[in-house]
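*Asks:* Before anything else, here's the structure in question.
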Amino acid sequence: MAKQFWFVVGSQFLYGPEVLETVAGRAAEMAEKMNASGLLPGEVVYKVTAKTEREITKVMMDANYDDDCLGVITWCHTFSPSKMWIHGFDKLQKPYCHLATQYNRNIPNEEIDMDFMNLNQAAHGDREHGFIGARMRLPRKIIAGYWQDEKVLKELGDWMRAAIGADASRKLRVIRFGDNMRDVAVTEGDKVEVEMKLGWQVDYWPVGHLVETMNAVTEEEVEAKYAEYLERYELDTDNIESVKYQALEEVAMRKILEREGAMAFINTFQDLYGMKQLPGIASQNMMADGYGYGGEGDWKVAAMTTIMKKMAEGLEGGTLFMEDYTYDLEPGNEVSLGAHMLEVCPSIAAAKPKIQVHHLGIGDREDPARLVFEGKEGAGIVVSLIDMGGRLRMIIQDVQVIKPILEMPNLPVARVMWKAMPDLLTGVKCWIHAGGAHHTVLSTALTASMMQDWCEMMGIECVHISKDTTEESFKKELFYNDIAWKLKNL
Ligand code: MN
Numbered sequence: 015m016a017k018q019f020w021f022v023v024g025s026q027f028l029y030g031p032e033v034l035e036t037v038a039g040r041a042a043e044m045a046e047k048m049n050a051s052g053l054l055p056g057e058v059v060y061k062v063t064a065k066t067e068r069e070i071t072k073v074m075m076d077a078n079y080d081d082d083c084l085g086v087i088t089w090c091h092t093f094s095p096s097k098m099w100i101h102g103f104d105k106l107q108k109p110y111c112h113l114a115t116q117y118n119r120n121i122p123n124e125e126i127d128m129d130f131m132n133l134n135q136a137a138h139g140d141r142e143h144g145f146i147g148a149r150m151r152l153p154r155k156i157i158a159g160y161w162q163d164e165k166v167l168k169e170l171g172d173w174m175r176a177a178i179g180a181d182a183s184r185k186l187r188v189i190r191f192g193d194n195m196r197d198v199a200v201t202e203g204d205k206v207e208v209e210m211k212l213g214w215q216v217d218y219w220p221v222g223h224l225v226e227t228m229n230a231v232t233e234e235e236v237e238a239k240y241a242e243y244l245e246r247y248e249l250d251t252d253n254i255e256s257v258k259y260q261a262l263e264e265v266a267m268r269k270i271l272e273r274e275g276a277m278a279f280i281n282t283f284q285d286l287y288g289m290k291q292l293p294g295i296a297s298q299n300m301m302a303d304g305y306g307y308g309g310e311g312d313w314k315v316a317a318m319t320t321i322m323k324k325m326a327e328g329l330e331g332g333t334l335f336m337e338d339y340t341y342d343l344e345p346g347n348e349v350s351l352g353a354h355m356l357e358v359c360p361s362i363a364a365a366k367p368k369i370q371v372h373h374l375g376i377g378d379r380e381d382p383a384r385l386v387f388e389g390k391e392g393a394g395i396v397v398s399l400i401d402m403g404g405r406l407r408m409i410i411q412d413v414q415v416i417k418p419i420l421e422m423p424n425l426p427v428a429r430v431m432w433k434a435m436p437d438l439l440t441g442v443k444c445w446i447h448a449g450g451a452h453h454t455v456l457s458t459a460l461t462a463s464m465m466q467d468w469c470e471m472m473g474i475e476c477v478h479i480s481k482d483t484t485e486e487s488f489k490k491e492l493f494y495n496d497i498a499w500k501l502k503n504l
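For the sequence shown, my numbering assigns the number 504 to the last residue and increments by one with no breaks.
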């Protein structure tokens, strides 16, 4: 599928055909050069220099119905009276970006006269255009600056990634092999609300069906998957039988997900009826290929994992299902250790992961094979999506992933260590005030700004814990948000 972003330029008939031709030519040239920059994850496609309400409404409706179009970028080289945008904007269902730029970087001292002014009046046209966005309370991204500057192109690229995530979200199916872990609150959620807001189809498939599919997996299929493990990872166990059992589980899970067109799945150690092992490397290897996974039935984190993996395609760094486990509370140097009982995605591995088999105390099954590794350093974010009852809230926290300060030779799972912003203890307090889960998506590829754009596109609440956050201001923000979202949902 192409990832197109339609470039729609606003104008009117006032300036005569020559000016309109110039505007159209320049818009096409800008699209071409922006694409050639190599900084954009999608393609800018110049569509039209729109002069009438009909043209605008048509292009917006075409954008809605075109599966390749992931968003619309507008710009007003000249002045485009904004009432003619009302119908089109009212109908637009795709993410929208207002690019406030101009064709020329500088004002040409000798050349500038009234003709030049009439042709190059983005400062004038973009304000009229911006008013109608504000008046209609449109969710929108506003990017300002010279269109060939790396900073502007990167900002546009970041927004495109959020739009790629919005598209993935609206097409997402999540398979639940079992239910949520008994008694757990934060992994619950309103699946109808989620489908209305985010587009996810979250459906249950009996574990018995997975076992039936596992029983039909052939030896050749298991051997081929096992060979893939050996190619990708370093074998560090004698228990080959356990590794091959994981391969069998993976083949079966993939078959069901492929058949159903699903990119995310969950399971729980409390419901492995007919299975010998909790999937470990099976889930990890699927995550390495872009599937989302959530432990203990956490379908929200599974869905966010695959969406964020899609947004991060082509970027350096890992994006993975993570869980806050334990702290090191050395004063002034507090860090959080994240892991999971098995299922940490190797996209963050600092070196080639090892396949090991260890005992798993919960679930009452055989010892499962899993990948063990250390996380790679880098600046990143952790993200949690929770159901507040009547609305969804995303909590984003900036983190710095560090090389683990200890070797932890007896810890039988993959591990990632990070410093949380603004500092671990303030960060923890804010996270707890907001109701953030122990399960998160950790990414050293994506930024808070991309996730904020995604939340705006999806129409959900978003709070951000950054280096500048204080507990006092954050508590106030949560309080005001609560009132604002109640009014918004009336
Ligand atoms: Mn967990």
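Backbone N, C-alpha and C fix where the C-beta goes; we use that ideal spot for every residue, glycine too.
Let me check understanding here. Comparing Cα to Cα, which of Y341, I121 and H453 lies closest to M505?
*Replies:* Because residue 505 is not part of the residues shown, which for the chain are 15 to 504, the question remains open.
*Asks:* Work out the CA separation of L456 and E337 for me, nearest whole Å.
*Replies:* Taking the first residue of the sequence shown as 1, we reach residue 337 at position 323. Taking the first residue of the sequence shown as 1, we reach residue 456 at position 442. Annotation: E337 to L456 spans about 9 Å, alpha carbon to alpha carbon.
*Asks:* Should G309 be listed as close to the ligand MN, given that the test is whether its C-beta is under 7 Å from any heavy atom?
*Replies:* Counting from 1 along the sequence shown, the entry for residue 309 is found at position 295. Yes, since a heavy atom of the ligand MN falls inside the 7 Å radius drawn around the Cβ of G309.
*Asks:* So does the stretch 221-232 actually touch the stretch 252-269, counting three or more Cβ pairs closer than 8 Å?
*Replies:* yes
*Asks:* Find out if the Cβ-Cβ distance for the pair T115, W89 is shorter than 8 Å.
*Replies:* For the purposes of this step, residue 115 is taken as residue 101 along the sequence shown, with counting starting at 1. For the purposes of this step, residue 89 is taken as residue 75 along the sequence shown, with counting starting at 1. Yes, Cβ-Cβ distance for T115 and W89 is below 8 Å.
*Asks:* Could you check if N299 is buried or exposed, using at least 16 other CB atoms within 10 Å of its CB as the buried criterion?
*Replies:* As a position in the sequence shown, residue 299 is number 285, starting the count at 1. N299 comes out buried.
*Asks:* Taking the straight line between their C-alpha atoms, what separation do you get for F145 and S96?
*Replies:* The count along the sequence shown starts at 1 and reaches residue 145 at position 131. The count along the sequence shown starts at 1 and reaches residue 96 at position 82. Answer to the nearest angstrom: the Cα atoms are 8 Å apart.
*Asks:* Specify, as a first and last residue, the run of the alpha helix (DSSP H) that I321 falls within.
*Replies:* In the sequence shown, residue 321 corresponds to position 307, counting from 1. Run containing I321: W313 to M325, per the alpha helix (DSSP H) assignment.
*Asks:* What residue from V257, G450, G308 and I280 has the CA that sits closest to Q291's CA?
*Replies:* Residue mapping note: residue 291 aligns to position 277 of the sequence shown, counting from 1. When each option's Cα is compared against that of Q291, the closest is V257.
*Asks:* Between E337 and the ligand MN, is the CB less than 7 Å from at least one heavy atom?
*Replies:* Here residue 337 refers to the residue found at position 323 when the sequence shown is read from its first residue. E337: yes, Cβ under 7 Å from the ligand MN.
*Asks:* Can you check whether the CB of F27 is closer than 8 Å to the CB of G85?
*Replies:* Within the sequence shown, numbered from 1, the residue matching residue 85 stands at position 71. Within the sequence shown, numbered from 1, the residue matching residue 27 stands at position 13. Cβ distance not < 8 Å, so G85 and F27 don't count as in contact.
*Asks:* DSSP three-state label for W445, please.
*Replies:* In the sequence shown, the residue the question calls residue 445 occupies position 431. Here W445 sits in helix by DSSP.
*Asks:* What are the boundary residues of the beta strand (DSSP E) that H112 is part of?
*Replies:* Looking up residue 112 in the sequence shown gives position 98. First-last of the beta strand (DSSP E) with H112: Y110 to A114.
*Asks:* Does the beta carbon of H453 fall short of 7 Å from some heavy atom of the ligand MN?
*Replies:* Mapped onto the sequence shown, residue 453 falls at position 439. Within the cutoff, so yes.
*Asks:* Do T251 and A383 have their beta-carbon atoms positioned less than 8 Å apart in this structure?
*Replies:* For this step, residue 383 is matched to residue 369 along the sequence shown. For this step, residue 251 is matched to residue 237 along the sequence shown. Closer than 8 Å, so yes.
*Asks:* Per the DSSP calculation, R154 is bridged to which residue(s)?
*Replies:* As a first step, residue 154 must be located in the sequence shown, where it is residue number 140. None; R154 has no bridge partner.
*Asks:* Is the beta carbon of Q284 sitting closer than 8 Å to the one on R196?
*Replies:* What you label residue 284 is simply residue 270 of the sequence shown in a count that begins at 1. What you label residue 196 is simply residue 182 of the sequence shown in a count that begins at 1. In this structure, R196 lies closer than 8 Å to Q284 by Cβ.
*Asks:* Extract the residue ranges of the beta strand (DSSP E) inside the stretch 243-330, only unbroken runs of 3 or more that lie entirely within it.
*Replies:* 278-280 and 306-308
*Asks:* By a C-beta neighbour count over all protein chains shown, 10 Å radius and 16 as the cutoff for buried, is F103 buried or exposed?
*Replies:* Taking the first residue of the sequence shown as 1, we reach residue 103 at position 89. Buried.
*Asks:* Could you check if T232 is buried or exposed, using at least 16 other CB atoms within 10 Å of its CB as the buried criterion?
*Replies:* Mapped onto the sequence shown, residue 232 falls at position 218. Classification for T232: exposed.
*Asks:* Helix, strand or coil for A16, going by three-state DSSP, please let me know.
*Replies:* Counted from its first residue, the sequence shown places residue 16 at position 2. A16: coil per DSSP, three-state reduction.
*Asks:* Using 7 Å as the cut-off, classify the Cβ of H354 as near or not near the heavy atoms of the ligand MN, replying yes or no.
*Replies:* Stepping through the sequence shown from its first residue, residue 354 is reached at position 340. Under cutoff, so the answer is yes.
*Asks:* Pull the bridge partners of S350 from the DSSP assignment, please.
*Replies:* Against the sequence shown, residue 350 aligns to sequence position 336. Partner(s): Y341 and W432.
*Asks:* In chain order, what residues of the same chain have a beta carbon less than 7 Å from the beta carbon of G294, not counting five sequence neighbours either side?
*Replies:* Within the sequence shown, residue 294 is the residue found at index 280, counting from 1. Excluding positions up to five away in sequence, the list reads Q260, L356, E357, P382, A383 and R384.
*Asks:* Look at the alpha carbon of K481 and the alpha carbon of S463, and state the distance between them as a whole number of angstroms.
*Replies:* Against the sequence shown, residue 481 aligns to sequence position 467. Against the sequence shown, residue 463 aligns to sequence position 449. Straight-line spacing of the CA atoms in K481 and S463 works out to 14 Å.
*Asks:* Could you compute how far the alpha carbon of V427 sits from the alpha carbon of D76?
*Replies:* Reading the sequence shown from its first residue, position 413 is the one you call residue 427. Reading the sequence shown from its first residue, position 62 is the one you call residue 76. Computed Cα separation, rounded: 49 Å.
*Asks:* Per DSSP, what kind of secondary structure is L385 in: helix, strand or coil?
*Replies:* Position 371 of the sequence shown, counted from the start, is the residue given in the question as residue 385. L385: strand per DSSP, three-state reduction.
*Asks:* What three-state label does DSSP hand Q107 in the structure shown?
*Replies:* As a first step, residue 107 is located in the sequence shown; it is residue number 93 there, counting from the start. Coil.
*Asks:* Can you give the Cα-Cα distance for A276 and S183, rounded to whole angstroms?
*Replies:* Taking the sequence shown and counting its residues from 1, one reaches residue 276 at position 262. Taking the sequence shown and counting its residues from 1, one reaches residue 183 at position 169. Cα-Cα distance, rounded: 11 Å.
*Asks:* May I have the straight-line CA-CA distance separating G30 from I121, to the nearest angstrom?
*Replies:* The count along the sequence shown starts at 1 and reaches residue 30 at position 16. The count along the sequence shown starts at 1 and reaches residue 121 at position 107. Looking at the two C-alpha atoms, the distance is approximately 23 Å.
*Asks:* Going straight from the alpha carbon of G139 to that of K489, what length do you get?
*Replies:* On the sequence shown, residue 139 is found 125 positions in, with the first residue counted as 1. On the sequence shown, residue 489 is found 475 positions in, with the first residue counted as 1. If you take the alpha carbons of G139 and K489, they lie about 40 Å apart.
*Asks:* Distance, Cα to Cα, K105 vs E209?
*Replies:* Indexing the sequence shown from 1 puts residue 105 at position 91. Indexing the sequence shown from 1 puts residue 209 at position 195. Approximately 20 Å, taken between the alpha carbons.
*Asks:* With DSSP collapsed to three states, give me the class of T440.
*Replies:* As a working note, residue 440 is residue 426 in the sequence shown. Reduced to three states, the DSSP call for T440 is helix.
*Asks:* Are the stretch 197-216 and the stretch 308-321 in contact at 8 Å, needing three or more beta carbon pairs?
*Replies:* yes
*Asks:* Helix, strand or coil for R405 per DSSP?
*Replies:* Translated into positions along the sequence shown, residue 405 becomes position 391. R405 falls in the coil class under three-state DSSP.
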